[in-house]
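These notes are about the structure you will find just below.
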Amino acid sequence: MRQIFDIHGGIHPPERKELAEPGRVHEMPLPSKLVLPITQHIGAPARSIVDVGDVVKGGQMIAEAQGPVSVPVHAPSSGTVTAIESRAVPHASGLTDTCIEITLDGEDTWIDLKGLDNWRETPKAELLECVRQAGIAGLGGAGFPTAIKLASDRDQGIHTLIINGTECEPYISADDTVMQCYAQEIVEGAEILAHMVGAENVILAVEDNKPDAAKAMAKAAEALDIADVVTFPTKYPSGGEKQLIEILFDMQVPSGGIPADIGILCQNPSTAIAVRDALIDGKPLTDRITTVTGMSLQTPGNRRVMLGTPIGELLRDAAFDDKAADRVIHGGPMMGFAVTDLDMPVVKITNCILAPTRTEIPPPQPQQACIRCGMCAEACPASLLPQQLYWYARAKDNEQLERHNLLDCIECGACAYVCPSHIPLVQYYRSAKGAIREAAKEKIRSDNSRARFEARQERLEREAAAKEAKRAARKAAAEARAKSGDDPVQAAIERAKAKKDAQAQTATEEKAQ
Amino acid sequence: MIETILANPILLALAALVGMAIVFGALLGFAAVRFEVEGNPLSDQINSILPQTQCGQCGYPGCRPYAEAIAEGDSINKCPPGGEDTIQALANLLDVEPEPLDAEHGVEAEPTVAYIREDECIGCTKCIQACPVDAILGAAKQMHTVIIDECTGCDLCVEPCPVDCIDMIPRKGGIQHWYWPLPEDSSRENLIATDRGSDETTQSETEQAAA
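Just so you know, the sequences run in chain order A and B.
Each number in the numbering used here comes from the position in the first sequence (counting from 1) with 22 added on.
Each number in the numbering used here comes from the position in the second sequence (counting from 1) with 1361 added on.
What follows is the structure in structure tokens.
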């Protein structure tokens, strides 16, 4: 039995996971239209490679990765591209972004899929390229390109792979369901991932509120010697990868670092399956399991959803009562954001659609003054000083925010949850983080502009100096000629004469021959 | 002479002080020449705060000349692209009071980039010569285009264009640049109950009653 450690802080909000009956996957009817945003991940947008009117098949790539930190998008079913335009996408801003709309023909025909014959013998670079081309981004909710995560080669290498099935956020049971229904595939995926990064251990981490998932995983893990199922007490946010590593190893990821810095790699169970499907079956990522839940739904549950399915359609499938619902949330109650438009599609990061009633999740209460009680600091799982950060965020003091390690905040919302004054602390931190990131980008930009401006100034000076030197040389030459008494006109006449003589001479020579 | 000085302690003290002043003065003078710092570090620091758009709205031909002018005492509120943030940073650096942006030089606006409508470009190269950061690509009688990542949005290429084919478009729109706004804080007004307006009181009371 492995020793388990505790993290600082954390909270125990009502879980309400049983609402969606974890352990059963509902299949969705084929939707009539799919809307696929070209950005469903963290990083550079993909670039559309289809045109309006093109006929596409399931599994066909419709947008290619642009730059190293980017992932492609594939068509989840067959149909015709009917629009490429800006549409509402699931994003906290509620802004629009470029989307590819496919009107499905209902046939669901696919391109021929071809997996690798033997992934164990395939070089790592090729495996990585396969993962990249399959459009896999972390399915846990952040959407970081998986190939980048797998490619990071730190000096010490990766010794442990953690399949993070913690799923600590209330309501969500997508990972729970995946672990119960597809344990076999997860372990196969974990084996591939461990092979790719050279990990000697695999930990399948499950919170103790998911006994069925833990049982299923333990059974499947018998097939893999290096794999081990570890359960630990339920607490929010144990599922943050840095928190999970602390629970399992009593080690902290260095500030500003990533788990690979201490030789650990975390992956979501669904991501492991996506990698397995990409390498063994050659199937790109085109669907996912999403929890559809909330008291305003008659038939909540975990559904297999094609990426691009409008959220409204998903809710309709779960018998949505829009009079009872207060709002619709993309993601969980702690870290999710409100959906402003039910035409927004399901994307790679959509692990949950939550439609609560007003009494279930009441609207946020008005913010009151901070009374400096310190409960936020007790709840913070990253051992930060939320209250201090709050004051600095209000004052927009970026320097102090960075000094107080704002960038280590995982935005879990535990501080705001316990705040007796209902201060939306996380939103302050999110805003301040965004401002710091933008300021850093601007700094790079302005440094670049300065260098270019100075290079141009230098070039102009050099050109002016060269011009001046040429002019001086011409002047000197003219003066020298004037001094030596040479008349340029006379010289030209003499040159012409000499040429004529030479021609006359060759002519006589030719005649003589 | 020596005896007079020795006999008079005040003169002796005076001579000692003058002597010391000469020695230390010479030492300081030597140090100033020997350890002289090249360039003006203050103007470098100021220059690193300025936004480097090189737009010339301050009245100087670029950011460095303005930085040098500030180091010599010019006012710090002449940079519209930098806006309030730059003024604040300069005030902190120079330890002076921040002033509001001088409207004579322009108003703070969203950052933009130049965009050349390529169908209309006649390839005159006038904008290329005007660009302070060499961000426009093209040649005589060839269509020009702007390298968006290098463009500072200074506006200087718009005027010289003989066919008006350059637009300034906002740089920061879109989802890639968005970040959460700071929450609106109502706690200040609510801190003292009697400060509340009558409307607000009734509203919050109705809300409580509803809950």
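All C-beta atoms, glycine included, are put in the ideal place defined by N, C-alpha and C.
With contacts defined by Cβ atoms closer than 7 Å, residue 437 of chain A and residue 402 of chain A form a contacting pair.
Among the residues of the region 200–219 of chain A, none has a Cβ less than 9 Å away from any Cβ of chain B.
Residue 340 of chain A and residue 323 of chain A have their C-alpha atoms spaced approximately 8 Å apart.
At the C-beta level, residue 169 of chain A and residue 183 of chain A stay beyond 7 Å of one another.
Residue pairing of residue 332 of chain A in beta bridges, as defined by DSSP: A/367.
Judged by DSSP in its simplified three-state form, residue 1413 of chain B adopts coil rather than helix or strand. When the beta-carbon positions are compared, residue 201 of chain A and residue 235 of chain A come within less than 7 Å of each other.
In this model, residue 404 of chain A and residue 262 of chain A are separated by some 10 Å (Cα to Cα). In this structure, the CA atom of residue 439 of chain A is about 16 Å from the CA atom of residue 193 of chain A. Between residue 1442 of chain B and chain A, the shortest Cβ-Cβ separation is not below 7 Å. When CB distances to chain A are screened at a threshold of 8 Å, the residues of the region 1513–1542 of chain B falling below it are 1513, 1535, 1536, 1537, 1538, 1539, 1540, 1541, 1542, in chain order. When C-beta distances to chain B are compared with 9 Å, the residues of the region 389–403 of chain A below that value are 389, 390, 391, 392, in chain order. In terms of Cα proximity to residue 1488 of chain B, the closest of B/1471, B/1440, B/1473, B/1507 is B/1507. Assigned with DSSP and collapsed to three states, residue 460 of chain A falls in helix. Counting along the chain, no alpha helix (DSSP H) covers residue 1457 of chain B, and no H or E run does either.
Residue pairing for residue 251 of chain A: DSSP places it in a beta bridge opposite A/226. Sequence-ordered contacts of the region 106–122 of chain A with chain B read 111, 113, 114, 115, 117, 118, 119 [C-beta pairs closer than 8 Å]. Neighbourhood of residue 452 of chain A in chain B, by CB distance below 9 Å: 1540, 1541, in chain order.
Considering only B/1456, B/1455, B/1440, the residue with the shortest C-alpha distance to residue 1466 of chain B is B/1440.
Excluding its 5 nearest sequence neighbours in each direction, residue 1463 of chain B has C-beta neighbours in its own chain below 8 Å: 1436, 1438, 1439, listed in chain order. The three-state secondary structure of residue 429 of chain A, taken from DSSP, is helix.
Put simply, the backbone Cα of residue 1509 of chain B is about 21 Å away from that of residue 1469 of chain B. Comparing alpha carbon positions, the residue from A/43, A/49, A/102, A/61 closest to residue 72 of chain A is A/102.
Using a Cβ distance threshold of 7 Å, residue 454 of chain A and residue 423 of chain A count as a contacting pair.
Between residue 1542 of chain B and residue 458 of chain A, the alpha-carbon positions lie close to 13 Å from each other. Contact annotation: residue 179 of chain A and residue 116 of chain A have beta-carbon atoms that are not nearer than 7 Å. Taking 7 Å as the threshold, the shortest C-beta distance from residue 1468 of chain B to chain A does not fall below it. Our two residues, residue 40 of chain A and residue 372 of chain A, have alpha carbons roughly 19 Å apart in a direct line.
For the options A/500, A/475, A/154, the alpha carbon positioned closest to that of residue 296 of chain A is the one of A/154. By the rule that beta-carbons nearer than 7 Å mark a contact, residue 1405 of chain B does not touch chain A. DSSP, read as helix, strand or coil, puts residue 1476 of chain B in strand. For the region 500–530 of chain A, the set of positions with a beta-carbon nearer than 9 Å to some beta-carbon of chain B is empty.
Judged by DSSP secondary structure, residue 315 of chain A falls within the beta strand (DSSP E) whose first and last residues are 309–315. Between residue 82 of chain A and residue 211 of chain A, the alpha-carbon positions lie close to 23 Å from each other. Residue 284 of chain A and residue 252 of chain A do not touch by the CB rule: their CB atoms are close to 17 Å apart, not below 8 Å. A straight-line Cα-Cα distance of about 9 Å links residue 368 of chain A and residue 111 of chain A.
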